[in-house]
Each structure stands twice: as structure tokens, then as C-alpha cells.
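Q: Protein chains in written order, with the numbering used here: chain A, 1 to 105; chain B, 1 to 615.
Pasting a structure here, questions to come.
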Amino acid sequence: MNGVSAIPLEHALILSGILFSMGLLGILIRRNILFVLMSIEVMMNGAALAFVAAGSRWGAADGQIMFILILTLAAAEASVGLALVLQIYRRFNTLDTDAASEMKG
Amino acid sequence: MNFLFLVFLFPLLGFLILAFGRGKIPENLAAVVGVGSVGLSALVTAIAGVQFLQHPPAGDAYVQPLWTWMQVGGFAPQFALRLDGLSLTMMGVITGVGFLIHLFASWYMRGDEGFSRFFSYMNLFVASMLFLVLGDNLLFLYFGWEGVGLCSYLLIGFWYQDPANGAAARKAFVVTRVGDTFMAIGLFLLFHTLGTLNIQEILQLAPQAFPPGSIIVTLIALLLLGGAVGKSAQLPLQTWLPDAMAGPTPVSALIHAATMVTAGVYLIARTHTLFELAPFAQEMVGLVGAVTLLLAGFTALVQTDIKRVLAYSTMSQIGYMFLALGAGAWSAAIFHLMTHAFFKALLFLASGAVILACHHEQDIRKMGGLRKKIPLAFWSFVVGGSALAALPYVTAGFFSKDEILWQAYAGGHAGLFWAGLFGAFLTSLYTFRLIFTVFFGEAKIDAHAGHGVSYWLPLSVLLVLSTTVGGLIHLPLDGVLPASPAGEGGAVQLQIKLLSGAVAIAGIAIAGWRFFGQPALLHWLENNAVARLLSRWWYAAFGFDWLYDRLFVKPFLWAVRVNSKDVFDQIIGTVPVILTSLNKATALSQSGRLRWYTASVACGAVLIIGAVIYL
Chain A
1 MNGVSAIPLE
11 HALILSGILF
21 SMGLLGILIR
31 RNILFVLMSI
41 EVMMNGAALA
51 FVAAGSRWGA
61 ADGQIMFILI
71 LTLAAAEASV
81 GLALVLQIYR
91 RFNTLDTDAA
101 SEMKG
Chain B
1 MNFLFLVFLF
11 PLLGFLILAF
21 GRGKIPENLA
31 AVVGVGSVGL
41 SALVTAIAGV
51 QFLQHPPAGD
61 AYVQPLWTWM
71 QVGGFAPQFA
81 LRLDGLSLTM
91 MGVITGVGFL
101 IHLFASWYMR
111 GDEGFSRFFS
121 YMNLFVASML
131 FLVLGDNLLF
141 LYFGWEGVGL
151 CSYLLIGFWY
161 QDPANGAAAR
171 KAFVVTRVGD
181 TFMAIGLFLL
191 FHTLGTLNIQ
201 EILQLAPQAF
211 PPGSIIVTLI
221 ALLLLGGAVG
231 KSAQLPLQTW
241 LPDAMAGPTP
251 VSALIHAATM
261 VTAGVYLIAR
271 THTLFELAPF
281 AQEMVGLVGA
291 VTLLLAGFTA
301 LVQTDIKRVL
311 AYSTMSQIGY
321 MFLALGAGAW
331 SAAIFHLMTH
341 AFFKALLFLA
351 SGAVILACHH
361 EQDIRKMGGL
371 RKKIPLAFWS
381 FVVGGSALAA
391 LPYVTAGFFS
401 KDEILWQAYA
411 GGHAGLFWAG
421 LFGAFLTSLY
431 TFRLIFTVFF
441 GEAKIDAHAG
451 HGVSYWLPLS
461 VLLVLSTTVG
471 GLIHLPLDGV
481 LPASPAGEGG
491 AVQLQIKLLS
501 GAVAIAGIAI
511 AGWRFFGQPA
521 LLHWLENNAV
531 ARLLSRWWYA
541 AFGFDWLYDR
551 LFVKPFLWAV
561 RVNSKDVFDQ
571 IIGTVPVILT
581 SLNKATALSQ
591 SGRLRWYTAS
601 VACGAVLIIG
611 AVIYL
């Protein structure tokens, strides 16, 4: 316990903020939908890391429970997302997100 | 007598069945429903009438409260039926004559595309008219009043493919609406001053609340007269009735001769106390009646459309009823209302038979010599026409018209009396001009007679009722309407009877002389320049249509045109313009590009979190 708590909360939160921002940046600048999906995973992990760090700082189990929940969510999201990616590829023959912009106003 | 509500329930059910059948009900079934419902209603009326006359209820009236219509503060009008002598008479006319006309209509309308639609409107009309005469308070009466107006509109425009019929229907609706507005204001005033719209309460409260001849009661009576004038096609709101002949002939018989147009007479008789308190208004009633009866009589002399002649004669006969009301002869007016319903329904149905026999020809100049070909219609016209012309002693019309003339004379209304007498001369003149032109002379048109029980039965029954038989009916009006000022008059009344009889026969004689002889005198009278001008003026019904067109329609259309881009529209119009531009602006943000969406979600999240932290 002592070894883990040696890492200050601020460091863990800065790391998770960096991960989250990188994921967001990835979504914003990548056009390939596979990379967009991966960036979403990165963002989720960033958020999950913040939970774990906070849980360890206050010695509560909630943070780890939230991490398990986010992990499950990420798995479900990945499977649905990949299925959609397959369908998009079949329909448009490309993985470019801008190609699937038919529902504009 | 608690079955009284059935009397309007049957026609109402008939209307609902036919209306929800959406024209898919076979003709025979529609006829059974349409005619049968009114027949059942007539049966209920007969039973109620017998019970009422044998065991008169306390106070000579039976009231059946159904439910409280609404409750707003102290205003709680009841939905209550009131059966007394007056409403029983009206009910008998509406359901009895109405049933015969429905029966005839099932023959007349056979094969028409809108057969069941026709009967649904007719049933709704009968139900509304029963509301009108059975209503215990003026609001209920007004409900029926508007209901019959609606049915009149629907039925005048029944053959809606012809735009002219639609125009006639709209004209009838708008013109009667003018009168209805007057009436509504009158009702508001009544409620404002007396605090109730219950007819009996009004009749009791009015003499205490209003001093005789006071301005407020005169105003109320005049406003009610305005409503009556619109519905009953009297001067100055009479212009809609001739155009209303665009509807099928049974409609003209039921609505525009026998029942609806007499609603004004009923209204004035119902609220007679108010008119007695306002002598000026009552004089106006008599004056309106007298002037209308003369104007309509002159107009009927020169019309060439068989139904328009009858329409103007209806107008002039209702003028007689108004004249009687003005002279204070309340029961005589209702009596004439009933006999008029008999013989005018007979005349209209017979004219329907003529029109169908002549393949929808309505111009009497193209008819002629139809006496042999359609004998039943001929005899109906002779009897109905005699009743209209009030041939002495053998017709129903004589008894009622004579009563009116006698009461006018005995009540000291010399002007009304002479107008009525001259009107009687005009009546017999134009009636027999019509009969001679259509049924005598050389045959100009190929005609075939109708057959079937629904053809001859209604005509025969009405034919019998138009003779002395109808004139002998005694109406139970003593407890409802005040007694006439003059009772039986002995020698003077006999002289008046003889005078009016002589006038009627003189009219027939001149019509016959003109048609069968070749009188040089009449020929000269009719063909000089003045006469031709007069007859053109009369043909146009004294130019009222022209006048109203210039006075109201044209200025209104002009105002509409000028005002079509009015300021308020401009102001209100900016709202949709702003909304449309906002819509376009926000629609731009829906680019469909995923990255833009993500960026805006991120920006939004940053903004919200920032706001939560720093504010």
C-alpha cells in the first residue's frame, strides 16, 4: 500500500488528463474510423485512470468498481463499433468518416 | 310524458347513422332510416299531443329538465324541454309535415348520388328545429336556431358541384347571420337586465323590470325582431330566400316554406310579453310584415321560375304572419303559420313533381297544358293555390287569413288591414297566373307522371289538410298566448269575410281573363313603357340585391383588397421570417461531419464545467 500511495494524486490526474486530451485530439484529427474508435478507447482509459487514482487516494473501493464498469462498457462499445465499421465499409467502400455524412441538416 | 325527449332523439339517431354510413348505405335502407326516424318522431308527437290534450298538466305546460347545460357563476341554463300549446303546435307541424315531405323526398331524390347525405342533413334539420321549439330557455332556442341555419346552408348547397348553388348557400348563411347577430345582442341585453334566459322567467320578470315603452325593452324587442326578420326572410333581410331555391325541392318545402322560415314568427310569439311592453317594436313588426307582403306580392307577379314564384309567395305569407303579430293577433299568426305549412308544403311538393315530370325544367314559360299529363300535381296546385289565395270557405288558408284581416281591422290597424287586403288580391293574381301558365294552354313540353306510394300519399294528405279540414283544426293556444283583442265580430266580420273572398275571386278572374281572353286593356297596361320598367324592377325584386351589392358587398371587397397588405400582417409577418432565418443558420451547423460534432461537444463540456467551477 505504501509503495502505491507514494505516487501523488496530482501526477495520476495529470496523466489521465493527458490521455483524455490525446484521445480527443485523435478523434478530432483522424479521419479513419478505426483510429477514431481507438481514440475513444484511449479517452475512456484516461477517465478510468482518474477513477482508480481517486479511489486509491481516499482508500475506497468505488474507484476500482467504476474501472471494471468502464472496462465492460469499452468492450461492449468496441464490439458494436466494429460491427458498424464493417457495415460502413460495405456500404461506402471506405473508412473515411466524412464519407458517411449523409444525415446532415 | 317523460318520453318527450324521444321526439328529437330519433331524427338525431337517424342523422348519426346516415352520417357515419358515409354514403355507403344502400338507397332503400337510407330511405327507411331517414323517413322512419321522422315517422317515429311524428308518432311520439301524436302520443304526446293526445296525452297533453286529454290530461292537461298543471299550468298548461310540461317541463322535462334533461341536464344543466353549463354553470358559470349565476348563469346555469338548463337543457330542458317545455311542452305547451305553442310548442305542441309547432312540433306537430315539424314532425307531421316533415314526415310527409321526407316521404316525398324518398321519391324525389331517388337515384341521386348523395341520397343518404341528403337524408342525414334533413334529419339533423328536424332535430334542430325541434330543439328550437321545445327549448325552455332562449339559449337552447338559439342553439336550435343556429342548427337549422347550418342545415339550411348544407341543403341549399346540396348539389355543390354547381358553384352557383354554393354561392346561394353562402348568401343565405351570411344574410341570416346578420339577423342572428342582432338576436344574440338582444339575448345578451336580456341576460344583462334580467339575469336569466329562461323564457318563462323572462315573461314573468319583464313587466316588473321594464316600464312599458321604455328604451331598453324597445331595444331588446327590436333586436329580437332583427333575428326574426333574418330567419323569416322579411324586409330588409329577405334577399336570401329566392336564391335558397337552389336546393332540392323537398328542402324548399320543408325548410324554406313550412318550418324554418317561420321560426321568426315563433320567436316573436314566444316572447310576446316583450313586444307588448314595447308598442313601437310591435308596430315595427306589423309594418315590416305589411311592406314585405306587398313587395313580395308584386315581385311574384312577374317571376318566371316556378320555385321563385313560390318563394316570393312564402315571403309574402310570412309577411301576413308578422302583420298579425304586429296587430296583436298572436294565435291568428300561429294559425296561419300552420295552414301555410300545409298548403305551401303541398305547393312545393307539387312543383317538385312538375319539375321532375318536365326533366328539371323550372321555367314556367316553357311549360303549359300539363293538366292532363300530371293530374295529381294539377289538383294539388289547384287546391294549394286556392288555399294560398284564400278562396272563401273551401280552403284552410281562408280561415287563417280572414282571422288575421279581421283582427287587424278590429284592433284599429287600418293601414295593416288594407295592406293585407291588397296583398290578398296580389296573392290570388300571381298564384293563378302560375297555375294557368303551367297547366293550361297548349302543351309545350313532354311530361311523365310519377308513381308510387311515396309520390301520391304525401300530396294527398297535404291536399286534404289544405281544404276546410285544415281550417277547422283548433289550436290549444289559449293558455300560452294572450287572447286577441277582438273576439267574434258578427256582421262586420262577415262583411270582411265577403270582402276578402271577393278580392280573392277578383284576382283569379283577372288572371283567367288575361290568360284565356285576349284583353286589349290588359295588353296595353302591360306593354307601355312605364309598365315594362316597373315589371323589370319587380322582376329584380325591387333591386334589393343590386342595392346590397353596392352598399355592402362591393365596399367590403374593396376594403379587403386595399387591406390585403395591412400593417398588422407586416408586423406579425416578421416572426416567421426571423424563425426561418434562425432555422437556416442552425441547419448549417448540422454538417454531418463527425469531427465538428465532437469538437462542439468538447467545447460545450468545457464551457459547462468551467461555468460550474467558476460561477
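Ideal Cβ placement from N, Cα and C applies to all residues, glycine included.
Compute the Euclidean distance between the alpha carbons of H474 of chain B and V50 of chain B, then round it to the nearest angstrom.
A: When rounded, the distance between both Cα atoms is 14 Å.
Q: Report the rounded CA-to-CA distance for I33 of chain A versus N583 of chain B, giving the unit in angstroms.
A: Whole-angstrom Cα-Cα distance: 30 Å.
Q: Which first and last residues belong to the alpha helix (DSSP H) in which Y320 of chain B is found?
A: First-last of the alpha helix (DSSP H) with Y320 of chain B: I306 to G326.
Q: Once DSSP output is grouped into helix, strand and coil, what is the label at F568 of chain B?
A: If DSSP states are grouped into helix, strand and coil, F568 of chain B belongs with the helices.
Q: Straight-line CA distance for T314 of chain B to T574 of chain B?
A: Their Cα atoms are separated by approximately 54 Å.
Q: Pairing CB atoms from the segment 234-247 of chain B with CB atoms from the segment 91-105 of chain B, are three or more of them under 8 Å?
A: Contact fails: fewer than three Cβ-Cβ distances are below 8 Å.
Q: What residues match up with P65 of chain B in a beta bridge as DSSP calls it?
A: According to DSSP, which records beta bridges pairwise, P65 of chain B is partnered with B:A80.
Q: Could you check what DSSP says for D363 of chain B in three-state terms: helix, strand or coil?
A: Residue state, collapsed to three classes: strand.
Q: Listed from N- to C-terminal order along the chain, which residues in the segment 574-597 of chain B have their beta-carbon within a distance smaller than 7 Å of any beta-carbon of chain A?
A: Of all residues in the segment 574-597 of chain B, A587, Q590, S591, G592, R593, L594 and R595 have a Cβ within less than 7 Å of some Cβ in chain A.
Q: Can you list the residues of chain B that L15 of chain A reaches, using a CB-CB cut of under 8 Å?
A: The contacting residues do not exist; L15 of chain A stays about 19 Å from chain B at best.
Q: By alpha-carbon positions, which one of A:H11, A:L9 and A:R31 ends up nearest to R593 of chain B?
A: Among A:H11, A:L9 and A:R31, the Cα nearest to that of R593 of chain B is on A:R31.
Q: Return the CA-CA distance between A50 of chain A and V36 of chain A, expressed in angstroms with no decimal places.
A: Going from the Cα of A50 of chain A to the Cα of V36 of chain A covers about 22 Å.
Q: In chain order, what residues of the same chain lie with their CB nearer than 7 Å to the CB of S120 of chain B, ignoring the 5 residues before and after it?
A: Excluding positions up to five away in sequence, the list reads F15, L18 and A19.
Q: Do A281 of chain B and L222 of chain B have their beta-carbon atoms positioned less than 8 Å apart in this structure?
A: Yes, Cβ-Cβ distance for L222 of chain B and A281 of chain B is below 8 Å.
Q: Which parts of the segment 467-510 of chain B are runs of the beta strand (DSSP E), unbroken and 3 residues or longer, counting only runs that do not cross its ends?
A: Runs found: none.
Q: Determine the closest residue to G34 of chain B out of B:H55, B:G98 and B:P65, with distance taken between C-alpha atoms.
A: Of the listed residues, the one whose Cα sits closest to G34 of chain B is B:G98.
Q: Using CA atoms only, rank isn't needed, just tell me which of B:V175, B:G490, B:D136 and B:H256 is closest to S239 of chain B.
A: Looking at the sequence itself, residue 239 of chain B is Thr, so the reference to Ser does not match. Residue B:V175 is the option with its Cα nearest to T239 of chain B.
Q: Enumerate in chain order the residues of its own chain whose CB-to-CB distance from A541 of chain B is below 6 Å, with the five nearest sequence positions on each side excluded.
A: These residues qualify, in order along the chain: T299.
Q: Grab me the residues of I374 of chain B's own chain with a C-beta within less than 7 Å of its C-beta, minus the 5 sequence neighbours each way, in chain order.
A: Result list for I374 of chain B: A353, V354, A357, A447 and A449, in chain order.
Q: So, for G3 of chain A: in the same chain, excluding its five sequence neighbours on each side, which residues have a beta-carbon less than 8 Å away from its beta-carbon?
A: Because the pLDDT of G3 of chain A is 47, which lies under 50, any placement of that residue in the model is unreliable, and the number read from its coordinates should be weighed accordingly. The answer is none, since no qualifying residue turns up.
Q: At the level of alpha carbons, what is the spacing between L225 of chain B and F322 of chain B?
A: Cα to Cα, L225 of chain B sits roughly 10 Å from F322 of chain B.
Q: What's the C-alpha gap between I101 of chain B and M122 of chain B?
A: The straight-line gap from Cα to Cα measures roughly 10 Å.
Q: Say whether chain B places a C-beta atom closer than 8 Å to the C-beta of D98 of chain A.
A: Answer yes: the Cβ-Cβ gap between D98 of chain A and chain B drops below 8 Å somewhere.
Q: Report all residues from its chain with a CB closer than 8 Å to the CB of I216 of chain B; omit the five preceding and five following residues, and keep chain order.
A: Taken in chain order, the residues that qualify are L189, T193 and F210.
Q: Taking V261 of chain B as the reference, give the member of B:L274, B:K344, B:S331 and B:L53 with the closest Cα.
A: Considering only alpha carbons, the answer is B:K344.
Q: From B:Y409, B:S316, B:I306 and B:A414, pick the residue whose C-alpha is nearest to that of Q362 of chain B; which is it?
A: Nearest C-alpha to Q362 of chain B: B:I306.
Q: Does the beta-carbon of M284 of chain B have 16 or more other beta-carbons within 10 angstroms, so that it is buried, or is it exposed?
A: Under this definition M284 of chain B is a buried residue.
Q: Quick one: what's got a C-beta closer than 7 Å to R308 of chain B's C-beta in the same chain, skipping five residues either side?
A: Same-chain partners within the cutoff: P242 and M245.
Q: For A599 of chain B, which residues in chain A fall below 7 Å Cβ to Cβ?
A: Within chain A, the residues near A599 of chain B are L28.
Q: To the nearest angstrom, how far is the alpha carbon of L615 of chain B from that of S600 of chain B?
A: Straight-line Cα distance between these residues: approximately 21 Å.
Q: Who are the Cβ neighbours of G63 of chain A in its own chain at under 6 Å, not counting the five residues just before and after it?
A: F51, V52, A54 and G55, listed in sequence order.
Q: Within a Cβ cutoff of 7 Å, which residues of the same chain sit near P236 of chain B, ignoring the five residues on either side of it in sequence?
A: Excluding residues within five positions, none has a Cβ falling inside 7 Å.
Q: How is the alpha helix (DSSP H) around K171 of chain B delimited, first residue to last?
A: Residues P163 to L194.
Q: Measuring CB atoms only, is the segment 451-465 of chain B touching the segment 411-420 of chain B, in the sense that at least three cross pairs come out at less than 8 Å?
A: No, the segment 451-465 of chain B is not in contact with the segment 411-420 of chain B.
Q: Put N198 of chain B into one of helix, strand or coil per three-state DSSP.
A: Reduced to three states, the DSSP call for N198 of chain B is strand.
Q: Between B:N165, B:P56 and B:S128, which has its C-alpha nearest L150 of chain B's C-alpha?
A: When each option's Cα is compared against that of L150 of chain B, the closest is B:S128.
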